[in-house]
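Working notes for the structure below.
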Amino acid sequence: MLVDYLQRGVLAGTIGGVCYGGYLAAVANPLVEYMEELDHEAGHGHEHAHDATESAHAVSETTTAVVSVGSGVLWGILLGGLFALAFYFLEPALPGRGRVKAVVLAGAGFLTVSVTPWLVLPPATPGAEQALGPDARIVLYACLMVLGAIVATGSILGYRLTTARTGDWRVGVVAGVVPVVVTVAVLPLVTPTITTTPLPAALVTAFQGLTVLSQAALWAIVAASFAWLHDRARMVDDAASTKKEPIAA
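Heads up: the sequence shown runs through residues 1243 to 1491, numbered per this note's numbering.
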């Protein structure tokens, strides 16, 4: 049973990874290159400008695109496998039915892995200066992921408890959304800014927004693909069970 879930997760992750890799090659890479050029023009990184130029010429755009697609697929497969494992163990506890469970799990995962950490450690842009070292950022990111998991769990429990008491799923949705809204609104206000960048604020905001949306889209595609594969497998199993039932005399 677990192997079946993993197979669906890997296939769903491959579908999402191909889409994400295409985004990296077609949108993210050109945008990063443009931002790097702006950073150099602003007077940052001049000491390495010659080396950077040589490296840029040494690696062709085609090779960069292939690497981007490959890394996107690998990330999608990893995400799909983890999604399948989580769905296998948490499916009974997830609210809703069928595909709703997959959507809820994807939302909880996105909140845990990306949204909550990015409220304090936003996606880095070219030329950004970090106030914390790599080790400190890794530890902080892990702690923020734990916080995100707690918020996601509280949101699901709030929905289930409120719905059970009131009998109205709409009130449950409101109760489930409250912890997320509070976290998104309060966390950036109580944490210091630990990154600075010389690039225009509008460009940085656009880049970070695209990063968030691309990850959200990846989670959504993985969840939708997994749910479709899961439902299809159940339909096949039900059809096989029906054929095996003996015909009453």
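Using N, Cα and C, we set each Cβ at its ideal position, and we do this for glycine too.
On the premise that residue j lies in contact with residue i, defined as a C-beta separation below 8 Å, what is that separation, rounded to the nearest angstrom?
i     : j     : result
L1347 : L1336 : 6 Å
R1407 : A1326 : At roughly 32 Å, the Cβ-Cβ gap does not stay under 8 Å, so R1407 and A1326 are not in contact.
P1365 : Q1450 : 5 Å
My output table needs one value for residue i: the three-state DSSP class, helix, strand or coil.
i     : result
T1306 : helix
G1451 : helix
P1365 : coil
L1336 : coil
T1433 : coil
L1244 : helix
D1410 : coil
L1253 : helix
With DSSP as the reference, please indicate the residues paired to residue i in a beta bridge.
i     : result
E1371 : T1438
Excluding five sequence neighbours on each side, which residues of the same chain lie with their C-beta closer than 8 Å to the C-beta of residue i?
i     : result
G1215 : No answer is possible for residue 1215: the residues shown for the chain start at 1243 and end at 1491.
G1503 : Only positions 1243 to 1491 of the chain appear in this structure, which leaves residue 1503 out of reach.
L1320 : G1255
L1386 : T1358, P1359, L1361, V1362 and L1363
E1333 : K1343
Considering only residues of the same chain and omitting the five flanking positions on each side of residue i, which have a CB-CB separation below 7 Å?
i     : result
T1425 : T1358 and V1393
L1280 : L1441
In whole angstroms, what is the alpha-carbon distance linking residue i and residue j?
i     : j     : result
S1456 : C1261 : 10 Å
T1437 : M1243 : 45 Å
E1278 : G1312 : 23 Å
W1461 : G1340 : 17 Å
D1473 : A1443 : 44 Å
L1399 : V1308 : 43 Å
G1418 : S1397 : 4 Å
A1370 : V1446 : 10 Å
A1459 : L1353 : 13 Å
E1303 : T1395 : 43 Å
A1378 : Y1401 : 35 Å
I1380 : L1452 : 22 Å
R1368 : V1245 : Note that residue 1368 is Pro in the sequence shown here, rather than Arg. Taking the straight line joining both Cα atoms gives about 41 Å.
T1305 : A1481 : 46 Å
T1433 : E1275 : 30 Å
D1410 : A1270 : 43 Å
A1427 : V1420 : 11 Å
L1248 : L1324 : 8 Å
V1454 : G1322 : 18 Å
R1228 : A1469 : Since the displayed the chain opens at 1243 and closes at 1491, residue 1228 lies outside it and no answer follows.
Y1383 : A1373 : 14 Å
G1349 : P1272 : 29 Å
A1328 : A1268 : 31 Å
Spatial neighbours of residue i within its chain, please: CB distance less than 6 Å, with the 5 preceding and 5 following residues excluded, ordered by chain position.
i     : result
S1467 : A1254 and I1257
L1266 : S1310 and G1314
T1404 : V1413, G1414 and A1417
L1429 : L1361
Y1330 : L1244 and Y1247
Would you verify that the beta carbon of residue i is, or is not, closer than 7 Å to some beta carbon of chain B?
i     : result
T1438 : The structure shown contains no chain B; it is built from a single protein chain.
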